[in-house]
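To convert a position in the sequence shown, counted from 1, into the working numbering, add 230.
The C-beta atom is built at its ideal place from N, Cα and C for all residues, glycine as well.
Working notes, structure below.
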Amino acid sequence: ATAGQLIAARAFLAVGAAAMMPATLALIGLSFHEERERNIAIAIWGSVAIVGAALGPIIGGLLLQHFWWGSVFLINVPVVVVAFIATLLLAPEGQRDSTRPWDLLSSLLALAALSGLVLAIKSLIATPPSYSVGAVSLLLAVISGIAFSRRQQQLPYPLLDFAIFRNPAFLAGTLSAVFTLFAMAGLQLLTTQRFQLVAGLSPLQAGLLVSVAALGSLPSALLGGSVLHRVGLRPLICGGLAAGAVGVGVVALGFPHGLGWVVAGMAITGFGMGAAISVASTAILNNVPPHRAGMASSVEEVSYEFGGLLAVALLGSLSAAMYGAFLPESAGIPAAAREGFTQALHVAREVGQGEWFALATAAYDRGYQIVLLVISAVLAAGAVIIARLLRGRAGGRDGAADRVK
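Here it is, written out as structure tokens:
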């Protein structure tokens, strides 16, 4: 398969996931009417996703060690078949409302706005930066975003009703989803790369390492859903983000001293993120009326995906920029090795590892550390922002402020 075919297949996969995940969460909101039961159901829903996130790197690493790289995609086929049959047999029929049409143009405008924003970030932070592409992409994102917003105000049944964001608890849940996925996706991406490239871990070993964060989030996700009706949104979301900030900081400052620090930091991060993730979903779903459940679930899914996209686009480019910035100017480092640490590894295999390679490795590790500290700072800032949003009734035990009609 070519790179273009792989990207196209991944895009098609994303369309299916985007249609499926909001529907499952909306189904929970419509099926469970008692607050505590709904909170626990959402926590279980999130925990299943967490288990999948933990198993993904492990199974993927195992397959890559023994089979062709395409096996990491084919393994999903039997899972999808089983899920499809189970849905036909178990899922309720639901109610169709043909009076509310789907607006294709709104979807295309939203796609253009988000894609333009991500491309602009990638272009402006790349080494070297492409200012022309970045400017055009940013202009596309702004124009598409404005057009999307205006169109929603004109439609009788908008794809996204911006009035739901006036609810502080709903907004807090949405921002929490962005912060948590930004941190988890960035931490797992950068840590997997670092320990494979520098420490020489196999794909399976790297997958096991980053899965600690997902496994660490499982107990707190279930606990958060079960105690939300008692303690409220604010301590769980803000406390979870703050714990995540501490955990990422432990990884950043401790990885030079041994793998145990990385495992501990991953577990702390996961424990904090689990509470924030499960409670964010509840905050989003509990703070809209029933007829907005599908819209709210879609907002949550977009928030998660957007957080992950920002992590890949921003942190990956930042890591590469930090590597170049920390390389000494006059250390006899080959020109090809300055393009990136992966290229430095190729050069080292061809000409041998001289003194320059130790400098390149130190620059890469320092960049890795700086980017992790950025993630930690973002989580800490998120905890402060959401604490301010959830002051008073919005962060109370019922987990809801006044719902938007």
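For the alpha helix (DSSP H) assignment, the uninterrupted runs of no fewer than 4 residues enclosed by the segment 338-404 are, from N- to C-terminal side, 361-384. Boundaries of the alpha helix (DSSP H) around residue 511: 489-516. About 7 angstroms separates the beta carbon of residue 496 from that of residue 440, a gap short enough to meet the 8 angstroms contact definition. At the C-beta level, residue 552 and residue 601 come within 8 angstroms of one another. Within the same chain, Cβ atoms closer than 8 angstroms to the Cβ of residue 258 are found at 268, 271, 272, 275 and 515, the five residues on either side in sequence being excluded. Three or more beta-carbon pairs separated by less than 8 angstroms are not found between the segment 571-580 and the segment 442-461, which leaves the two stretches without contact. By alpha-carbon distance to residue 599, the top candidate from 462, 482 and 416 is 482. By the Cβ test, the segment 291-309 is not in contact with the segment 499-513, since fewer than three Cβ pairs between them sit closer than 8 angstroms. Residue 541 places its beta carbon 8 angstroms or farther from that of residue 375. In this structure, DSSP gives residue 521 a helical state, which the three-state scheme calls helix.
Between residue 485 and residue 492, the gap from beta carbon to beta carbon is short of 8 angstroms. Taking all protein chains in view, the Cβ of residue 562 is surrounded by fewer than 16 other Cβ atoms within 10 Å, so the residue is classified as exposed.
In the three-state reduction of the DSSP assignment, residue 332 falls in the coil class. Taking C-alpha positions only, residue 295 is separated from residue 289 by approximately 10 angstroms. By the C-beta density criterion, residue 586 is buried, having at least 16 other C-beta atoms within 10 angstroms. Counting only residues of its own chain and dropping the five nearest sequence neighbours on each side, residue 539 has a CB closer than 8 angstroms to the CB of 344 and 348. The DSSP-derived three-state label of residue 563 is coil. Residue range 433-461 is occupied by the alpha helix (DSSP H) that includes residue 449. In this structure, the alpha-carbon of residue 521 lies about 23 angstroms from that of residue 535. Here residue 558 is exposed, its C-beta having fewer than 16 other C-beta atoms within 10 Å.
The three-state reading of DSSP puts residue 263 in coil, since its state is none of H, G, I, E or B. Under the Cβ criterion (8 angstroms, minimum of three pairs), the segment 607-616 counts as touching the segment 396-411.
Residues of the same chain with a CB within less than 7 angstroms of the CB of residue 489, apart from the 5 flanking positions on each side, do not exist.
Shown here, residue 620 sits in coil according to DSSP, grouped into three states, outside any helix or strand. Separation of residue 384 and residue 249 (C-alpha to C-alpha, rounded to the nearest whole angstrom) is 24 angstroms.
Setting aside the 5 residues that flank it on each side, residue 391 is surrounded in the same chain by 382, 522, 525 and 634, each with a C-beta closer than 8 angstroms to its C-beta; the list follows chain order.
In the same chain as residue 285, and ignoring 5 residues on each side of it, the C-beta atoms closer than 8 angstroms to its own belong to 441, in chain order. Residue 314: member of the alpha helix (DSSP H) spanning 306-320, first to last residue. Where residue 551 is concerned, the enclosing alpha helix (DSSP H) starts and stops at 546-556.
By the CB criterion at 8 angstroms, residue 590 and residue 571 fall inside the cutoff. Within the same chain, 370, 371 and 374 come within 8 angstroms of residue 342 by CB-CB distance, once the 5 residues on both sides are set aside. Per DSSP, the continuous alpha helix (DSSP H) segment holding residue 571 begins and ends at 571-581.
In the structure shown, residue 430 falls within a coil segment according to DSSP collapsed to helix, strand and coil.
DSSP places residue 591 in the helix class (H, G or I) of the three-state scheme.
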